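I have placed the structure first, in the form of C-alpha cells, so that the comments after it can refer back to it.
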Amino acid sequence: MIAQAMSLPRQRDGIGALILLVAVPAGLALMLTVFDLIHVLPTHLWWQALTAPDTSDPVQLLYRYAFLPRVAVSVLAGAALGLAGVVMQHVLRNPLAEPTTIGTNAGASLALAAATLYAPWLLEGGREGVALAGGALATSAVFALARGRSFSPVSIIIAGLVVSLTFGSAGALLMALNREYTEELFIWQSGSLVQNGDAAVVALAPWLLAGICAAFLLWRPLRLLDLSDDGAASLGTRPAVIRLAGMAVAVSLGALVVAEVGVIGFVALAAPALARLAGARTLGRRLVWSPLVGGALLWLTDRLV
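Numbered by our numbering, the letters in the sequence shown go through residues 428 to 732 in order.
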C-alpha cells in the first residue's frame with residue numbers, strides 16, 4: 428500500500444512531463460503556423476479559403492492546397508514515424524532500432540526509384556505497394572545478416588547500416604545514371620513535405636489509423652516480449668509470430684511515409700526515446716505518447732526550416 432501511494436506522485440509527474448513534451452513543440456509550431464498564415468491570408472478569409480477557395484485568387488489556392496496539407500502531412504508523418512519507432516524498438520529490444528537504421532527506408536526508397544525509372548506501370552495504383560515491398564526486402568536482408576549472431580541488438584544495427592548503405596548507394600547510382608529523369612525524384616527522396624493537394628493526407632490518415640489499431644491490438648502480446656522467449660512461450664504465445672506481426676506494422680508505417688514524403692530520419696528514433704525519458708516507462712504509454720511526440724516534433728521542425 429505504501430509503495431503504491433508513493434508511486435502515484437511519480438506517475439502524475441510523468442504525465443505532466445509527457446504533456447509538456449508534446450504541448451511545448453506543438454504550441455510553438457501552432458504559433459509559427461498562425462504567424463505564417465496571417466502573412467499569407469487575412470484571417471477573415473481563412474474559413475472561406477478552406478471550404479470554398481476562390482479559384483481566381485492564387486493566395487487562397489496556395490493556402491488551401493499547399494500550406495494546410497503540408498501542416499497536416501507533417502503531423503501525420505511524424506506520428507507514423509513515432510509509432511513505427513516505438514514498435515520496432517520494443518520488438519527488437521533495441522533503443523537504436525528505427526526504419527532508417529535497419530534499412531527499411533533505404534529499401535523503400537530504392538524500390539520506388541527503380542520502379543519510377545524502369546517499371547512505372549507498377550506505380551499506377553499508388554506508390555505504397557512498391558515502397559512496402561522494398562522496405563520488407565531490405566528488412567529481411569538485415570535479419571538474414573544478423574541471424575548468425577542470434578539477432579543481437581548490435582548485430583541488427585550493424586547489418587542495418589550495411590543494408591542502408593548498400594541500398595542507398597544503389598539508389599544514388601540509379602539517379603546519377605538517369606539524371607535527366609530524376610531531378611524531382613532526388614529532391615523527394617531527400618525528404619520533402621511540400622504538397623500540392625490532399626493526396627498525401629488522404630493516403631497517410633487511414634494507414635496511420637490502421638497502424639494505431641494494429642499496435643494496440645498487439646499491445647498485450649507485445650508486452651510478453653519483455654520476458655525471455657522461453658518465458659513467453661511458457662504462457663502459450665509464439666514470440667516469433669509476435670515479433671513478425673510487430674515488425675509488419677512498423678515496416679508498413681515506415682515504408683508508407685517514404686512513399687508519400689521521402690526519407691525522413693531522426694523522428695522515429697527520437698520520439699520514443701524522448702517519451703521514455705519523460706516518463707513513459709510502460710509499452711502502453713509509449714504507444715500513446717510516441718506518435719504524439721513525433722507529430723509535434725516534425726511539425727515544429729517543418730515550421731522552423
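Ideal placement from N, C-alpha and C gives every residue a C-beta, glycine not left out.
Since the structure is predicted, the reported quantities are computational estimates derived from the model, not experimental observations.
Query                                                                                                  : Result
Cα-Cα separation between R520 and L719, rounded to whole angstroms                                     : 22 Å
Member of A444, I446, V461, L447 whose CA lies at the smallest distance from the CA of L731            : V461
V694 and A641 closer than 8 Å at C-beta                                                                : no
Proximity test, V688 beta-carbon vs the ligand MG heavy atom, cut-off 7 Å                              : Of the ligands one can find in the structure shown there are none, so the ligand MG has no counterpart to examine.
Chain D within 8 Å of W646, Cβ atoms only                                                              : No chain D is present in this structure, which holds just one protein chain.
Rounded separation between V449 and V569 - CA only                                                     : 33 Å
Between the CA atoms of G638 and A672 - distance to the nearest angstrom                               : 11 Å
Status (buried if at least 16 other CB within 10 Å, exposed otherwise) for M428                        : Confidence at M428 is low in this model, with a pLDDT of 41, below 50, so the placement of that residue should be treated as unreliable; the coordinate-derived value is given next. Burial call: exposed.
Distance CB(Q514)-CB(L539) smaller than 8 Å                                                            : The sequence shown places Val at residue 514, not Gln. No, these two residues do not count as a Cβ contact at 8 Å.
Touching by the beta-carbon criterion (3+ pairs, under 8 Å), the region 530-547 and the region 685-705 : yes
A507 beta carbon less than 8 Å from that of V684                                                       : yes
Helix, strand or coil at R647 [DSSP, three-state]                                                      : helix
Pick from T543, T527, S567, L651 that is closest to R606, judged by C-alpha positions                  : T543
Beta-carbon separation (whole angstroms), E687 vs L631, contact threshold 8 Å                          : 6 Å
Counted within 10 angstroms of its Cβ, other Cβ atoms place R708 as buried (16 or more) or exposed     : exposed
Segment contact flag, the region 451-471 with the region 493-501, C-beta cutoff 8 Å, min 3 pairs       : yes
Contact set for V587: own chain, Cβ-Cβ below 7 Å, skip 5 residues either direction                     : According to the sequence as given, residue 587 is Gly; it is not Val. These residues qualify, in order along the chain: T528, I529, G530, V569.
Alpha-carbon to alpha-carbon, E551 and S591                                                            : 27 Å
Alpha carbon of P633 to alpha carbon of P666, nearest angstrom                                         : 28 Å
V589 to L704 span [Cα, whole Å]                                                                        : 29 Å
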